[in-house]
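Student: One structure follows; several queries about it will come next.
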Amino acid sequence: MSPPSEVRCQAEGEDRVRVTWTEPPQKSLNGRLVAYQLQYMQAADLVGQDESSAVEVEISGQQRHHVILGLSPFTNYSVSVSVSNSKGRSPLSRPAAFCRTHSSAPIPPADIRPFGANSSAVALAWRQTDRPNGELLRYDLQARCDGGLSDAGNFSKLMPVAPPHRTMVLINGIQVGALCRFRVRAVNTQLIGDFGPWVLFTPTEGTQPLRVASLPSASRVARGSSLTLDCSIVGDGSHEAQWQGPPVDSSKKQVLSNGSLLIESAQSSGQYSCVTADSSDHISHSVEVF
């Protein structure tokens, strides 16, 4: 009739938590205690009332603890326990116990792209890391260039990029014909991640076309919340960003000085496109409001 009580969980590493509980009162068992059932899921799924990701583990009725393995780093989990006899099982313990696994090194950001800003500068853009595995602190950009018109074109530098939502940087002082390599790593408050693969770029002479030096994104946000859609334009010509949104859009928004669009109160789902002044390049951001 009654679930176990005093259910607690404690992180023991980046991929494991220990769960403990107390046997329910004897008078509520209505028979011989056979087993415990431990159910866990990411806490975000519990809040969203989506139990499709729930995992259940059956544990001997003699145990009052269990270590869950194979979890994701720096992730909140909810844990509940039920008890069964030969006729059935009790309800799950409520409220659920919550705990968060420890941090680990972040994985590098993906989809790093160079854009020619002019004959002596390159804009480098990347996507946010999918797994910061902790509280993201900054990105580190490593740049190396060899060759060019003179020895001044040879350099190697490590550039910290902060705040962490900044995912585009302009690198000046690159010489025409130099072979340049760039790579990025993520850093959280606990650990430094590995660098991603090198990407290559060689600046060329002449007029550089207007390009949107930002990457498309997909966002899902609560109605009334705020978000920023990136749009940095480089190349020779006007860097003014032209924005196109859903046909019916009551969201409060403004274009920032760097060309990005700040939606202060999201109201409408749809595609938001950033277009260069000469309409030669564009990117689209997908926004779902719930």
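180 is the number that our numbering gives to position 186 of the sequence shown; each next residue is one higher, with no gaps. We put the beta carbon where it would ideally sit given N, CA and C, even for glycine.
1. Just how far apart, CA to CA, sit T183 and V28?
2. Measuring straight from C-alpha to C-alpha, what distance separates A180 and Q122?
3. I need the boundaries of the beta strand (DSSP E) containing M(-5), first residue and last residue.
4. Taking 7 Å as the limit between beta carbons, can you name the residues of its chain near G64, skipping five residues before and five after?
5. Do you know how far the Cα of Y30 is from the Cα of T14?
6. Less than 8 Å between the C-beta atoms of L152 and R175, yes or no?
7. Between V1 and the rest of its own chain, which residues show a CB-CB distance below 6 Å, the 5 nearest in sequence each way excluded?
8. Looking at the secondary structure, which residues open and close the beta strand (DSSP E) in which A104 lies?
9. Taking all protein chains shown into account, do 16 or more other C-beta atoms lie within 10 angstroms of the C-beta of G128, making it buried, or fewer, making it exposed?
10. Grouping DSSP H, G and I as helix and E and B as strand, with all else coil, what is Q265?
11. So what does R175 bridge to, in DSSP terms?
12. Considering only the alpha carbon of each residue, which of R177, E282, G239, A235 lies closest to V269?
13. So who's on the other strand from Q36, going by DSSP bridges?
14. Could you have a look at K21 and say whether DSSP puts it in helix, strand or coil?
15. Mind the definition here: the segment 129 to 142 touches the segment 254 to 266 only if three or more C-beta pairs lie below 8 Å; say whether that holds.
16. Would you call the CB atoms of S245 and S262 closer than 8 Å?
17. Once the 5 residues before and after R125 are set aside, which same chain residues still bring their CB inside 7 Å of it?
18. Can you find the residues in the same chain that come closer than 7 Å, C-beta to C-beta, to N352, ignoring five residues on each side of it along the sequence?
19. Considering only residues of the segment 195 to 243, which uninterrupted beta strand (DSSP E) runs meet the minimum length of 3 residues and lie entirely inside it, listed in chain order?
20. So, M35 versus V49, is the Cβ gap smaller than 8 Å?
21. Report the rounded CA-to-CA distance for W120 versus N70, giving the unit in angstroms.
22. By the DSSP assignment, the beta strand (DSSP E) with S278 in it spans what residues?
23. With a CB to CB cut of under 6 Å and the five nearest residues on each side skipped, what residues in its chain are close to R12?
24. If you run the structure through DSSP and keep just helix, strand and coil, what is G82?
25. Per DSSP, what kind of secondary structure is F189 in: helix, strand or coil?
26. Starting from the C-beta of L118, find all residues in its chain whose C-beta is less than 6 Å away, skip the five residues before and the five after it, and write them out in chain order.
27. Tell me which residues share the same chain as S286 and place their Cβ nearer than 7 Å to its Cβ, disregarding the 5 neighbours each side in the sequence.
28. Going by beta carbon distance, what residues of the same chain come within less than 8 Å of L250, once the five residues before and after it are set aside?
29. Between S226 and I277, what straight-line distance do the alpha-carbon atoms span, to the nearest angstrom?
30. Going by alpha carbons, who is nearest to S208 out of G239, G171, H159?
31. How about E258 and S220: are their beta carbons less than 8 Å apart?
Tutor: Short version:
1. Here residue 183 corresponds to residue number 189 of the sequence shown, with the count starting at 1. Here residue 28 corresponds to residue number 34 of the sequence shown, with the count starting at 1. C-alpha separation (whole angstroms): 45 Å.
2. Residue 180 sits at position 186 when you count from the first residue of the sequence shown. Residue 122 sits at position 128 when you count from the first residue of the sequence shown. Each residue's Cα considered, the two are about 9 Å apart.
3. What you label residue -5 is simply residue 1 of the sequence shown in a count that begins at 1. Here M(-5) belongs to no beta strand (DSSP E), and DSSP marks it neither H nor E.
4. Position 70 of the sequence shown holds residue 64. The residues are D9.
5. Along the sequence shown, read from residue 1 onward, the residue named residue 14 stands at position 20. Along the sequence shown, read from residue 1 onward, the residue named residue 30 stands at position 36. Taking the straight line joining both Cα atoms gives about 11 Å.
6. As a working note, residue 152 is residue 158 in the sequence shown. As a working note, residue 175 is residue 181 in the sequence shown. Not a contact, by the Cβ cut-off of 8 Å.
7. For the purposes of this step, residue 1 is taken as the residue at position 7 of the sequence shown. So the qualifying residues of the chain are W15, V75, S87, A91.
8. Locating residue 104 in the sequence shown gives position 110, counting from the first residue. From DSSP, A104 is part of no beta strand (DSSP E); its letter is neither H nor E.
9. Residue mapping note: residue 128 aligns to position 134 of the sequence shown, counting from 1. The residue in question, G128, is buried, as its Cβ has 16 or more Cβ neighbours within 10 Å.
10. As a working mapping, residue 265 is identified with position 271 in the sequence shown. It is a strand residue.
11. Counting from one through the sequence shown, the residue named residue 175 turns up at place 181. For R175, which the question treats as bridged, DSSP gives the partners R138, L194.
12. As a working note, residue 269 is residue 275 in the sequence shown. For V269, the nearest C-alpha among the options comes from A235.
13. By one-based count along the sequence shown, residue 36 stands at place 42. Note: Q36 sits in a beta bridge opposite Y71.
14. For this step, residue 21 is matched to residue 27 along the sequence shown. It is helical.
15. no
16. Against the sequence shown, residue 245 aligns to sequence position 251. Against the sequence shown, residue 262 aligns to sequence position 268. Taking 8 Å as the Cβ cut-off, S245 and S262 qualify as a contacting pair.
17. One-based indexing of the sequence shown puts residue 125 at position 131. Result list for R125: P100, I101, in chain order.
18. Only positions -5 to 284 of the chain appear in the structure, and residue 352 is not among them; the question remains open.
19. 211 to 215, 221 to 223, 236 to 238
20. Taking the sequence shown and counting its residues from 1, one reaches residue 35 at position 41. Taking the sequence shown and counting its residues from 1, one reaches residue 49 at position 55. Closer than 8 Å, so yes.
21. For the purposes of this step, residue 120 is taken as residue 126 along the sequence shown, with counting starting at 1. For the purposes of this step, residue 70 is taken as residue 76 along the sequence shown, with counting starting at 1. About 27 Å.
22. Sequence index remark: in the sequence shown, residue 278 carries index 284 (1-based). From DSSP, the beta strand (DSSP E) with S278 extends over 276 to 283.
23. To locate residue 12, count along the sequence shown from 1; it is residue 18. Once the five neighbours on either side are set aside, the close Cβ partners of R12 are Q4, E6, V61.
24. Sequence index remark: in the sequence shown, residue 82 carries index 88 (1-based). Here G82 sits in strand by DSSP.
25. The count along the sequence shown starts at 1 and reaches residue 189 at position 195. Looking at F189 - three-state DSSP - the assignment turns out to be coil, as it is neither helix nor strand.
26. Taking the first residue of the sequence shown as position 1, residue 118 is located at position 124. Around L118: P108, V163, F176.
27. Here the chain covers residues -5 to 284 and nothing more, so residue 286 does not appear.
28. As a position in the sequence shown, residue 250 is number 256, starting the count at 1. Cβ within range, chain order: T222, L256.
29. By 1-based counting over the sequence shown, the position of residue 226 is 232. By 1-based counting over the sequence shown, the position of residue 277 is 283. Near 10 Å, if we compare the C-alpha coordinates of I277 and S226.
30. The residue given as residue 208 occupies position 214 in the sequence shown. Nearest of G239, G171, H159 to S208, Cα basis: H159.
31. As a working mapping, residue 258 is identified with position 264 in the sequence shown. As a working mapping, residue 220 is identified with position 226 in the sequence shown. It is a contact, given that the beta carbons lie within the stated cut-off.
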